[in-house]
Amino acid sequence: MDATLRGVLGLIKGTDVEARCAALLVVTHLQASDDPVVQTVGAALGAKNVVVRDFAVGYFEQVRPRDGVASLVPLLESEDDALRQRAAAILAHYGQAAIAGIKKLVKDAPRRRLNAIIDLCARVRTSAALDLLFDLIAAEDFDVSRTACDALAATVPQLDARARADLFARADRLAAGAKGQRTGLVGAAKLLGALADAKARKRLLAMLDREEPHAVRTHGLGALLQCLRGQSLTAAEIKALLPLLEADDETGILRPAILLLEDQALDRSYLAQLSRLAESPQPLVKRFAVHKLGAFESGSVVKTLIGYLTDDSYARRDEAGVSLKKLPAARAALMKEFLACDDERKAWTLSEVLLVHDRDWKRDTLNALCAKMEGALEKRDDRLYSAYFQFLTTLDAAWLAERVRARAEHLRKRKDFATAAKWLTLLKDSPAFDADTKFACAVATLKSHPHTLSLTVRRHDSALEMLRELSQSTFATADRLRRERTLTPEELFYVAFNFAESRGEERALARELLEHLAAKHGRAKIGKAAKNKLHLLPA
118 MDATLRGVLG
128 LIKGTDVEAR
138 CAALLVVTHL
148 QASDDPVVQT
158 VGAALGAKNV
168 VVRDFAVGYF
178 EQVRPRDGVA
188 SLVPLLESED
198 DALRQRAAAI
208 LAHYGQAAIA
218 GIKKLVKDAP
228 RRRLNAIIDL
238 CARVRTSAAL
248 DLLFDLIAAE
258 DFDVSRTACD
268 ALAATVPQLD
278 ARARADLFAR
288 ADRLAAGAKG
298 QRTGLVGAAK
308 LLGALADAKA
318 RKRLLAMLDR
328 EEPHAVRTHG
338 LGALLQCLRG
348 QSLTAAEIKA
358 LLPLLEADDE
368 TGILRPAILL
378 LEDQALDRSY
388 LAQLSRLAES
398 PQPLVKRFAV
408 HKLGAFESGS
418 VVKTLIGYLT
428 DDSYARRDEA
438 GVSLKKLPAA
448 RAALMKEFLA
458 CDDERKAWTL
468 SEVLLVHDRD
478 WKRDTLNALC
488 AKMEGALEKR
498 DDRLYSAYFQ
508 FLTTLDAAWL
518 AERVRARAEH
528 LRKRKDFATA
538 AKWLTLLKDS
548 PAFDADTKFA
558 CAVATLKSHP
568 HTLSLTVRRH
578 DSALEMLREL
588 SQSTFATADR
598 LRRERTLTPE
608 ELFYVAFNFA
618 ESRGEERALA
628 RELLEHLAAK
638 HGRAKIGKAA
648 KNKLHLLPA
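Numbering (our numbering), first residue to last: 118 to 656.
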């Protein structure tokens with residue numbers, strides 16, 4: 118070593134911070150790796166001044182001297198987390214030499230040293246490093262085991278096929294030899310899940326045994342999901358998974374089990390088990406079971422699913438509706454239930470499901486639905502009829518409109534004006550509500566309740582509102598009102614009195630009606646009232 122280099126090393130050992138940093142920078146650029154240099158810079162790693170220490174670490178990062186392991190290992194116990202990670206990253210380049218240097222440091226090591234050793238082993242991944250990691254995974258300390266397992270699992274995406282095969286074999290051996298050992302089994306399950314290899318199915322399925330700790334079962338099931346989701350399960354695997362749906366751990370057991378089973382085709386031998394699961398208190402399980410029941414086109418299953426349409430459980434109601442929409446065999450049973458239904462909510466649900474099926478119904482069925490709607494509209498106070506009206510409108514709106522008008526006309530002839538008005542009101546907001554229908558509805562509404570001339574009542578009279586709209590169109594409103602035999606003089610005066618207070622076409626309509634009343638009933642009280650009102654109208 119020449120005098121100049123000895124002088125530089127002397128500066129590193131000195132007390133002047135700037136000189137020490139400059140000297141460290143010099144030996145770094147010179148790539149000096151002689152033993153005296155390594156020893157001197159290694160001593161600087163323990164400097165109290167963080168700037169000096171940083172330059173010393175930078176030397177080992179760039180030069181990587183052959184004998185640097187011994188100097189860097191003590192940094193694994195540093196309280197500075199960033200420094201520990203930096204040291205582990207440098208040591209990783211030394212490979213097997215670094216692992217040999219830290220083996221003796223594992224026993225009774227504090228947590229921060231262990232974490233740094235785990236980080237280093239996960240970076241190196243030599244045979245010795247993996248042996249050390251798997252020893253830590255099998256340790257009784259759950260936190261240490263979890264840290265080692267997570268560090269190793271995080272490297273899986275970077276592994277080539279050979280490294281993945283080696284890791285799989287190690288994880289499989291760990292699972293085989295860790296019977297009854299919670300930490301080892303959990304670690305093995307997490308690693309097998311990270312590798313997502315279907316060959317792990319048998320080992321993971323064994324972890325679902327009821328005798329295993331809950332943590333082992335949940336991790337085993339999660340790993341099985343990663344390995345087998347989207348693949349066909351064997352009958353034995355399905356048999357092992359279905360009983361798990363009777364558990365109450367939604368996150369750890371139910372969700373992964375359902376995700377594994379949801380794409381599997383279940384035959385009729387599972388019907389009894391699915392029917393029992395449909396009664397589960399867990400919404401997820403109810404939904405799954407009802408969904409699977411929907412795959413069976415049998416009368417008993419259809420009957421069960423229809424019964425669920427009014428179930429207290431939203432999960433069962435919702436999934437039953439979805440399943441029934443996909444079952445062509447349910448069409449006739451659904452219509453039979455629809456015709457016998459007396460519950461408004463259920464009727465709407467049945468209507469929605471039926472409209473998904475073939476809409477080509479026989480005329481006898483449509484007539485039966487009309488009769489059902491008729492009874493619901495005329496004999497009940499709820500809105501059950503609305504489900505049938507909406508259903509029939511969707512099937513054949515023009516045919517239904519004719520049926521509605523015919524029924525309203527029949528009721529008008531029987532002088533049941535209130536019910537006739539209810540029928541005609543159904544056609545509101547539809548193309549079938551033309552001027553003639555609107556006039557008939559206005560007359561029926563006018564006849565269905567008594568009349569006063571107070572402002573409060575007039576403001577909310579739907580009959581007047583419809584006649585007002587007609588008066589502003591080309592419809593011969595005044596002429597039709599004069600010729601309407603069902604209207605009494607008092608009812609005509611009620612219309613005229615209200616329209617007389619308006620302007621334009623409405624006032625003209627009022628004048629025509631008042632003149633008609635004055636001419637036809639001039640000597641009666643209503644005729645005299647009409648004359649008086651005429652005198653008050655502006656010319």
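Cβ atoms here follow ideal geometry from the backbone N, Cα and C, with glycine treated the same way.
Does the distance from the CB of residue i to the CB of residue j come in under 8 Å?
i      : j      : result
Ala270 : Ala317 : no
Leu189 : Ala173 : no
Leu253 : Ala265 : yes
Glu666 : Ser588 : For residue 666 there is no data in the structure shown, the boundaries of the chain being 118 and 656.
Ala288 : Leu321 : no
Ile234 : Val223 : yes
Gly339 : Leu325 : no
Thr427 : Leu410 : no
Ala209 : Leu237 : yes
Ile423 : Ala395 : no
Ile219 : Phe177 : no
Leu471 : Met452 : yes
Thr554 : Arg522 : yes
Ala332 : Leu358 : no
His474 : Arg448 : yes
Ala446 : Val419 : yes
Ala559 : Met583 : yes
Ser590 : Ala552 : yes
Thr536 : Glu601 : no
Leu563 : Glu608 : yes
Val71  : Gln148 : With the chain covering 118 to 656 only, the question about residue 71 has no answer from this structure.
Ala226 : Ala268 : no
Where does residue i land, buried or exposed, given buried means 16+ other C-beta within 10 angstroms?
i      : result
Glu414 : exposed
Lys130 : exposed
Thr511 : exposed
Pro548 : exposed
Thr594 : buried
Glu354 : buried
Phe259 : exposed
Glu379 : exposed
Glu135 : exposed
Glu367 : exposed
Gln399 : buried
Gly297 : exposed
Leu302 : buried
Pro655 : exposed
His568 : buried
Pro182 : buried
Lys539 : buried
Ser440 : buried
Between which two residues does the alpha helix (DSSP H) containing residue i stretch?
i      : result
Lys156 : Looking at the sequence itself, residue 156 is Gln, so the reference to Lys does not match. From DSSP, the alpha helix (DSSP H) with Gln156 extends over Asp152 to Ala161.
Tyr387 : Unbroken run through Tyr387: none, as it is neither H nor E.
Met490 : Arg480 to Lys496
Arg529 : Leu501 to Lys530
Asn107 : The structure shown does not extend to residue 107, since the chain is modelled only from 118 to 656, so the question has no answer here.
Lys568 : Looking at the sequence shown, residue 568 is not Lys but His. It is not in any alpha helix (DSSP H) - His568 carries neither H nor E in the DSSP assignment.
Gln343 : His331 to Leu345
Ser579 : Ser579 to Ser588
Pro191 : Unbroken run through Pro191: none, as it is neither H nor E.
His408 : Pro400 to Leu410
Arg279 : Ala278 to Gly294
Pro373 : Arg372 to Leu378
Arg599 : Thr594 to Arg600
Met452 : Arg448 to Ala457
Asp225 : Element bounds for Asp225: n/a, residue is neither H nor E.
Ala464 : Glu461 to Leu471
Asp198 : Asp198 to Ala209
Val261 : Phe259 to Ala270
Leu128 : Ala120 to Lys130
Ser619 : That residue, Ser619, is in no alpha helix (DSSP H); it is neither H nor E in DSSP.
Just to check, is the beta-carbon of residue i closer than 7 Å to a non-hydrogen atom of the ligand SAH?
i      : result
Leu528 : Because no ligand of any kind appears in the structure shown, any question about the ligand SAH cannot be addressed here.
Shorter than 8 Å from the beta carbon of residue i to some beta carbon of chain C?
i      : result
Leu422 : Among the chains of the structure shown, chain C does not appear; only one protein chain is present.
Between the stretch 452 to 465 and the stretch 500 to 514, do three or more beta carbon pairs fall short of 8 Å? yes
Contact the stretch 118 to 125 vs the stretch 144 to 159: 3+ CB pairs below 8 Å: yes
Do the stretch 595 to 610 and the stretch 629 to 642 touch if we need at least three Cβ pairs shorter than 8 Å? yes
Segment contact, 8 Å Cβ cut-off, at least three pairs: the stretch 432 to 448 with the stretch 395 to 410: yes
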